[in-house]
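Everything in the sequence shown is counted per our numbering, starting at 13 for the first residue and increasing by one.
Beta carbons are placed, not taken as given, at the ideal position from N, Cα and C, and that holds for glycine.
Quantities reported herein were computed from a predicted structural model and do not represent experimental measurements.
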Amino acid sequence: MVTSLARYTLRAAAVSDPVPATVLANLNTALNHEFPDGEPRFCTVIFGLLTPERGDVGFHVVLAGGGHPPAVLLRADGSADHLPTPGGQLVGVVADAQFTTTTVNLRPGDTLLLYTDGLTEARTPYGGERYGEEALLAFARALAPTSAHGAVEALTTLLDSFGGELDDDTALLAMGVPRLDAGQ
């Protein structure tokens with residue numbers, strides 16, 4: 013029930029005001045309104061607005077997070093870092109939750125990776141330790157620069173290498189701006 017309400021509300025809220033922090037605030041209000049006290053009514057969400065830049069040279073991305081792991085930005089120059097989404101408390105927990113946005117410009121060769129905590133909480137074959145945010149960041153730094161497809165493929169292969177079943181569902185979403193050829 014929470015998932016279907018969240019999907020519907022996110023879509024409807026984005027039509028009237030697509031600012032990511034406002035969309036999450038509207039979802040937070042809907043969850044608090046629909047579920048009486050004591051019932052589970054929370055979720056994690058990362059919501060973004062992707063706008064093409066002039067001249068087709070990239071995208072301006074605005075993100076707001078609600079309890080969701082931080083995105084990872086893999087740059088064309090080979091660097092990679094977490095993209096912080098400050099104030100990202102779970103959506104639906106408190107009625108007066110505050111959500112803030114973070115922005116980034118994706119340039120040719122850059123890739124933005126979004127993922128669920130199933131990735132960082134996956135157990136490795138090395139003593140059953142959780143993979144973790146720092147291991148993911150080290151992996152991304154070794155992988156950068158890469159395309160969106162390359163990032164998802166590499167992480168899927170990594171998860172497969174852990175063997176066995178995952179403790180939690182895992183979703184990966186990557187978006188990237190293709191590199192410009194030297195002649196373009």
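Between which residues of its own chain and residue i is the CB-CB distance below 6 angstroms, once the five residues before and five after are set aside?
i, result
"F47", "R53"
"G188", "T123, S159, A160"
"A186", "T123, L125, A160, A163, V164"
Does residue i come out as helix, strand or coil in the three-state DSSP assignment?
i, result
"P52", "coil"
"H212", "The structure shown does not extend to residue 212, since the chain is modelled only from 13 through 196, so no value can be given for it."
"G195", "With a pLDDT of only 45 at G195, under the threshold of 50, the placement of this residue in the model should not be trusted, and no figure is reported."
"R23", "helix"
"H45", "helix"
"L167", "helix"
"Q35", "It should be pointed out that residue 35 corresponds to Val in this sequence rather than to Gln. If DSSP states are grouped into helix, strand and coil, V35 belongs with the helices."
"V103", "strand"
"A183", "coil"
"L149", "helix"
In its own chain, which residues sit with a C-beta less than 7 angstroms from the C-beta of residue i, not counting the 5 before and 5 after it?
i, result
"D181", "T128, G130"
"G78", "L36, T56, V57, G100, Q101, L102, V103, F111"
"L192", "P120"
"G175", "P137"
Run through the DSSP bridge pairs and tell me what residue i is partnered with.
i, result
"N40", "Looking at the DSSP assignment, N40 forms no beta bridge with any residue, so it has no partner."
"L155", "Paired residues: none, contrary to the question."
"L75", "G60, T114"
"T123", "L86, G188"
"H80", "In the DSSP output, where bridge partners are listed per residue, H80 has none listed."
"R135", "R142"
"L95", "A83"
Judging by CA-CA distance, which residue of the options is the nearest neighbour of residue i?
i, options, result
"P137", "E145, S173, D108", "S173"
"A109", "D93, A42, L61", "A42"
"H94", "G175, R153, R191", "R153"
"H45", "V69, P30, G70, L17", "L17"
"E177", "P30, R19, G140, A88", "G140"
"A160", "A88, T15, A107, P81", "A88"
"L126", "A147, N117, L86, G70", "L86"
"D49", "R19, F151, T97, V106", "V106"
"G90", "H72, P157, Y143, A134", "P157"
"L149", "R142, T97, A92", "A92"
"D167", "Y20, T132, R19", "Residue 167 is actually Leu in this sequence, not Asp. The candidate whose alpha carbon is nearest that of L167 is T132."
"L184", "A83, D29, D68", "A83"
"E145", "P96, Y20, P190", "P96"
"A51", "F151, P81, M13, D68", "Correcting the residue identity first, residue 51 is Glu in this sequence and not Ala. Of the listed residues, the one whose Cα sits closest to E51 is M13."
"P190", "D68, T15, R19, P81", "D68"
Got a sec? Which residues, its chain only, sit under 8 angstroms from residue i by beta carbon, not counting five neighbours each side?
i, result
"L22", "V35, L39, V57, F59"
"P32", "F59, G60, L61, V74, L75, A76, F111, T113"
"N117", "E65, G70, F71, H72, V73"
"L199", "Here the chain has residues from 13 to 196 only, and residue 199 is not among them."
"P30", "L61"
Counting contacts by CB-CB distance shorter than 8 angstroms, is residue i in contact with chain C?
i, result
"R19", "Here there is only one protein chain, and chain C is not present."
*Three CB pairs or more closer than 8 angstroms across the region 14 to 29 and the region 62 to 74*: Short answer: they don't touch.
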